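Since the structure comes first, as C-alpha cells, the remarks are kept for the end.
Protein chains: 4
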Amino acid sequence: MRQTSVVDDVMQAALELFAEQGYANTSVRQVVDTAGVTKGALYHYFQSKDDLLFAIYERILSVQTEHLEAIIAKGAPVAETLRAVCIDVVETSVDFLLEGTVFFRSQHMLSAPRQLEVTRRRRAYHDTFSGLLTQGQEEGLYRKDIPTSVLVAHFFSDLHYLSSWYSPSGPEDKTTLAHQLTDLFLVAIAAPQP
Amino acid sequence: MRQTSVVDDVMQAALELFAEQGYANTSVRQVVDTAGVTKGALYHYFQSKDDLLFAIYERILSVQTEHLEAIIAKGAPVAETLRAVCIDVVETSVDFLLEGTVFFRSQHMLSAPRQLEVTRRRRAYHDTFSGLLTQGQEEGLYRKDIPTSVLVAHFFSDLHYLSSWYSPSGPEDKTTLAHQLTDLFLVAIAAPQP
Amino acid sequence: MRQTSVVDDVMQAALELFAEQGYANTSVRQVVDTAGVTKGALYHYFQSKDDLLFAIYERILSVQTEHLEAIIAKGAPVAETLRAVCIDVVETSVDFLLEGTVFFRSQHMLSAPRQLEVTRRRRAYHDTFSGLLTQGQEEGLYRKDIPTSVLVAHFFSDLHYLSSWYSPSGPEDKTTLAHQLTDLFLVAIAAPQP
Amino acid sequence: MRQTSVVDDVMQAALELFAEQGYANTSVRQVVDTAGVTKGALYHYFQSKDDLLFAIYERILSVQTEHLEAIIAKGAPVAETLRAVCIDVVETSVDFLLEGTVFFRSQHMLSAPRQLEVTRRRRAYHDTFSGLLTQGQEEGLYRKDIPTSVLVAHFFSDLHYLSSWYSPSGPEDKTTLAHQLTDLFLVAIAAPQP
DNA sequence: AATGAATGAGGATTCATTCAT
DNA sequence: GATGAATGAATCCTCATTCAT
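Residue numbers (the working numbering), protein chains in the order written: chain A, 31 to 224; chain B, 31 to 224; chain C, 31 to 224; chain D, 31 to 224.
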C-alpha cells in the first residue's frame, strides 16, 4: 500500500517544481528531495526525467479526452454540445492548472517519440473539436468568413494562456470563468443574424 | 563597426536556436558555433547567457511599446484606437514570431532582476491596453458583464498562442489574420444592442 | 530439482552476455531478464556477479585439468603424450569457445582472492605442460636453444587467440584444426636432425 | 607549450590505468587524478572516455602499419621480407606492451563506429601479411597443407599473447625474443624438403 | 525458495564562465 | 577586441546488492 505513495509523491513534487522553475531548471535531485524518496526509488518507477514529464501530460490529456468523448456521446445538438465542451475544457484546465503550465512551457523538451505521442493525442482532441465547429458552420450556426483553423486556435489560445494569468485563489471562480470565456467565444463565432 | 556584426550574428543565432530547442537546451557553445564567432567575442558583448535572452525580449518589447504609444498619440476615438492597437500587435507578433516563441517558453528562466524588468514592461503595455478597454466600457462601447481583466487576457491569449500554430508560410497572410482575430475580439466584447 | 534449472539458465545467459558485451558491460538485470528468472533467485544461488564469472571459469578449468591428468595417467611416451595433450586442449578450447572469450577478456575483473584461485589452477596446468616439454628436451626430442617458457607461451598463445578468429561454423572443423596447430607446434620445437 | 602536456599526461595515465585495471574498471576521475588535470581539461581534448581508448589504439596501429609498409617498400625477396616483418612486429609489440594489453582486452568496449575503424585497420595489416604468406606458398617456400588463414592466426596469436606473459624486465630481451618467435614460426611453416 | 522494491554510492558527461595572452 | 584552454560544480542516470515479505 505504501509503494504507490512513491509514484504519487514523486509526481506531485515534479509537478510543483516543474511548474515553478521549469522542467530544465529542476534537477532530479530536487524532485526526490521534495518527494522524500531516493533517486533509486524514482528510477525504479520512472525510466527517465523525461518519463516524469510525460506522466504529467498523460494525466491531463486522458481526462480531457474522456470528458470530450462523454459529452459527445450524449448526442445533443451541436450548439449545446459545443457549449458543454467549451465549459468543460476550461474547468478541467483550471483543475489542472499546474499541469497546463508545465505542458505549454516544456512540451518541446520531451524526447522526439514522446513528443509525437503527445502531439498525436492533442491533435485528436483538436480534430474532434474542429469537427463540431465545421458541423455547426454547415448548419448555419457559426460564421464562415473565418477559416475553421483560426476559430479553433482562437478558442484554444484561452486554455493555453490560463496558466499565465488565472489564479484559482483569485476573485473569479472557475465555473464563472468557464462561462465567460465560452460566451466570448460563442458570441464571436455566431453566424450574423439574417 | 565590425563589432556590430558579432552582436547581430550572435543574436540571430541565439534567436533561432532558442526557438528551436529551448533556452535551457541550447549551449553557449552552440550559439557561438552557429554564429561563427568565438566564446571570447560573445562574452565581450554579452555579460551572460541570460543577457542574450533578455536582449531578445528587449527587441520585441521595445517595438510593441513604441507602436502602442504612436497609435495612442494620434488621439483617435477609443473604438478606432483599440482596433488599430489590436491589428498592430497581431502583426508585430507575427513579425517577431520566433521572439514570441522564446519569450513565452523561456521567460521564467531569466534571473530574478531581469524577470522583474520584463514583467514591468509587459505590465505597462497591459495597463495601457486595459485602460483603453475600461474607457470604452465607460463610453458604453464594450460589455461590462465580464471583468476587464478577463477581456484583456482573452485578447492577449491570441498573441501568446500564435507561435504555437501560425506559420507565416501558410495560407493566411498576417494582415488578414490580424483583422480576423481583431474582429473576433471586438465582436465578442461589443456592448449588447439596446 | 527445479533449482538446477535456475542455475543452468543463469549461467548460460551470463556466458552469452559476457561473451558478447563483456563482463563489465553486462548488468545483473540483463542476466536475469535473459535467463527468465528474478534477481532474488539469482542471488539465492550466486553470492555476487563476480561469483557468476568464477563459475564460468570453473567449468573450463576443471574440464581441461581432468583431461590433462587422464592423458598423462596413460603413461605413454613423452612425444605421444604431448601430442595428445595438445590436440585435446585445442579441441576443448573450441568446445568452450565462449568461455574462452570471457576468460581471456575479463579475468582481471575478478576479485583479488578469486583471481588468485584462477591463477593457481592455470599455473598447475602450465607447470604440468611445461614439465612434459622439459622432459622431452632432456630426452633429446625438442630443441634446447629456446627457453622452455617461450615454448610454452608459444603454444598457449594459440589457445588464447582461438576466440578471436575461429568460428565453429566456419570451414574448418575442430579436429582438423587441432591437428594443424599441434603439428605447427611440434614441427617448430623439434630438435634439429643430427 | 604546456597545453600539449595535458594530452600526453592524460594518455599516459589512461594507458597505465587501463592496462592495470581494465577500461571498464577505470573511472575518468581516476584518470584525471593520476594525470594531475581536471575533468574539464580532459574533455576539452577528448570527446569521451571511448575516445581515450581509441587514441591508445591509434598509436600502436599507426606505428605498426608504417613499419610494415616501410619494410615491404624495400622490395626484398619474400622470405627476407616476411622474416623482417615478423621480427619487427614482435619488437614493436613489446615496445607497446601496455597498449597491447589494453587493446586485446578492451577492444570490444569501443563504440560501434570506432570498433569498425579499428577492425578495418587491423584487417589491412592482416591482409598484407597474409599476402606475403600466399606469395611465399606460390613460390614453394611455405607449406600448403594448412590454410593460410590458420598460418596467419598462428603467428598473430604470439603477438596477442605477449602481454599475458612477457615482461621487458625479465631475462629475455626483446630482440632475442623476436628472433625466437620468428624462428619458431618460420620453421613450422617451411615447405617440406623434397 | 523466491520476490522485486528500495538503496545510495558512483558513473560519464556538460556547461557557463573566467583569464592569461 | 578577441582567443580558447581550463575550471569545477552540477547533471542525469546505472547498478550490484539487500531485505521485508
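Using N, Cα and C, we set each Cβ at its ideal position, and we do this for glycine too.
No experiment lies behind these values; they were computed from the predicted model shown.
Excluding five sequence positions before and after F76 (chain A), the CB atoms of its chain that fall closer than 6 Å to its own CB belong to L82, given in chain order. Secondary structure note for R89 (chain A): its alpha helix (DSSP H) is the uninterrupted segment K79 to A103. Non-local beta-carbon contacts of K204 (chain A) in its own chain, meaning distances under 8 Å to residues more than five positions away in sequence, involve V120, E121, V124, D125 and P198 in chain order. Interface annotation, G66 (chain C): not in contact with chain D, CB-CB separation never under 8 Å.
Residue contact check for A218 (chain D) against chain C: a CB pair falls below 8 Å. Listed along chain B, no residue sits closer than 9 Å to R153 (chain A) by beta-carbon distance, the nearest being about 11 Å off.
Nearest in C-alpha terms to L91 (chain B), of all of B:P222, B:R144, B:D118 and B:R151, is B:R151. In the same chain as Y155 (chain C), and ignoring 5 residues on each side of it, the C-beta atoms closer than 7 Å to its own belong to Q94, T95 and L98, in chain order. Secondary structure note for V132 (chain C): its alpha helix (DSSP H) is the uninterrupted segment L127 to S136. In this structure, S57 (chain B) sits away from H190 (chain A), with a CB-CB distance that is not shorter than 8 Å. Note on geometry: alpha-carbon atoms of G66 (chain C) and H138 (chain D) lie some 26 Å from one another. If you check the CB distance, L207 (chain C) and V180 (chain D) come in under 8 Å. Residue pairing from DSSP leaves Y53 (chain A) without any beta-bridge partner.
Close to A183 (chain B), with beta-carbon spacing below 7 Å, are these residues of chain A in chain order: Y191 and W195.
Counting along the chain, A183 (chain A) sits inside the alpha helix (DSSP H) bounded by residues T178 to W195. For Y75 (chain C), the enclosing alpha helix (DSSP H) has its first and last residue at K69 to Y75. In this structure, the beta-carbon distance from A43 (chain D) to V61 (chain D) falls below 8 Å. Excluding its 5 nearest sequence neighbours in each direction, L127 (chain D) has C-beta neighbours in its own chain below 6 Å: S193, listed in chain order.
Collapsing the DSSP output to three states places A208 (chain C) in a helix. At a C-beta separation below 9 Å, Q223 (chain B) has no neighbours in chain A, since its nearest C-beta there lies roughly 10 Å away.
Secondary structure at A114 (chain B): helix, using DSSP grouped into helix, strand and coil.
Residue-level contact by beta carbon fails for I90 (chain B) and chain A, as no gap is shorter than 8 Å. Looking from the CA of I101 (chain C), the closest CA among C:E46, C:E88, C:Y87 and C:D118 belongs to C:D118. Rounded to whole angstroms, the Cβ separation of L171 (chain C) and A109 (chain C) is 6 Å, and the two are in contact under 8 Å. With at least 16 other beta carbons inside 10 angstroms of its own, T131 (chain C) counts as buried.
Residues of the stretch 121-153 of chain C with a Cβ closer than 7 Å to any Cβ of chain D, in chain order: R135, H138 and M139. When secondary structure is reduced to three states using DSSP, A106 (chain A) falls in the coil class, being assigned neither helix nor strand.
A direct Cα-to-Cα measurement between M41 (chain D) and T212 (chain D) gives close to 31 Å.
Contact check for L146 (chain B) against D80 (chain B) fails: the beta carbons are separated by 8 Å or more.
At a cut-off of 8 Å between beta carbons, I101 (chain D) makes no contact with chain C. At a cut-off of 8 Å between C-beta atoms, I176 (chain A) counts as an interface residue with respect to chain B. Pairing Y87 (chain B) with F133 (chain B) gives a Cβ-Cβ distance under 8 Å.
Interface with chain C (8 Å Cβ-Cβ cutoff): G161 (chain D) is excluded. Between G166 (chain B) and L112 (chain B) the beta-carbon gap is near 6 Å, inside 8 Å, which marks them as a contact.
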